[in-house]
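Trainee:
Given below as structure tokens:
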């Protein structure tokens, strides 16, 4: 039976039958303000409290105040979050390589979170270099997920596809074959909706509502 790690959001855990799968990559994507970073933080804090340390690779310039609100200012929680701030796609690749090296040396973590995985990806600039780095990063993450049975959670920015008439995750054509779970987020006034688009064992189309608070994310029944 596939092991799962709860997100700490009741409605999302319900449609995922317990949480994010260990040993595979999960992707969450959506427009600005849909809750990607908040879910990443909520999941990370839940992991730290109940399952072990988390490596968090941040390309979104997460503010100390926002992190403080989710940790409640508790040093014992913050100390189990290993943060990498990256400022380019190359730095992100190096952070992922360093993460793999730490795992091989025995660091004990339950999950790896990258928010946002596609922030610095630009197919129009240095096409082959960006694509090669994307492929290399995904390959390393797949190896980590498989060899260490960890949850790998990625978030992604979006673009509007004129052909399909909807938003899609950046670099999805290249990324999505390696992703086992894909969740799209939408904003409805002060409520957010998560739609399951892809999963290995769950029929797509299931939806979960949630609300963002100052220090957590809560399910809306």
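Numbering (my numbering), first residue to last: 47 to 267.
Using N, Cα and C, we set each Cβ at its ideal position, and we do this for glycine too.
Predicted model, so just to flag it, every value in this text is computed and none were measured.
Would you call the stretch 89-96 and the stretch 52-59 touching, i.e. three or more CB-CB distances under 8 Å?
Mentor: Verdict: yes, contact present.
Trainee: Report yes if the C-beta distance between residue 202 and residue 163 is below 9 Å; otherwise report no.
Mentor: Cβ atoms of residue 202 and residue 163: closer than 9 Å.
Trainee: For the putative contact between residue 155 and residue 79, defined by C-beta atoms under 8 Å, what is the C-beta separation to the nearest angstrom?
Mentor: Not confirmed; about 29 Å, so no contact.
Trainee: So the candidates are 64, 184, 62, 120; which of them puts its Cα closest to the Cα of residue 223?
Mentor: It is 184 whose Cα lies nearest to the Cα of residue 223.
Trainee: Of the residues 253, 151, 144, 95, which one's Cα is nearest the Cα of residue 13?
Mentor: In the structure as shown, the chain starts at 47 and stops at 267, and residue 13 therefore has no counterpart that could be examined.
Trainee: Pop quiz: residue 264 and residue 243 are said to be a contact at Cβ under 8 Å. What is the actual Cβ separation, rounded to whole angstroms?
Mentor: Actually they are not in contact, since the Cβ atoms of residue 264 and residue 243 sit about 23 Å apart, beyond 8 Å.
Trainee: I need the straight-line Cα distance from residue 188 to residue 138, nearest angstrom please.
Mentor: Distance between the alpha carbons of residue 188 and residue 138: 16 Å.
Trainee: Strictly by DSSP, which residues pair up with residue 232?
Mentor: Per DSSP, 239.
Trainee: If distances are taken between C-alpha atoms only, which option among 75, 130, 255, 260 comes closest to residue 221?
Mentor: Per the Cα distances, 75.
Trainee: Report yes if the C-beta distance between residue 12 and residue 67 is below 9 Å; otherwise report no.
Mentor: This structure cannot speak to residue 12, because the chain is shown only from 47 to 267.
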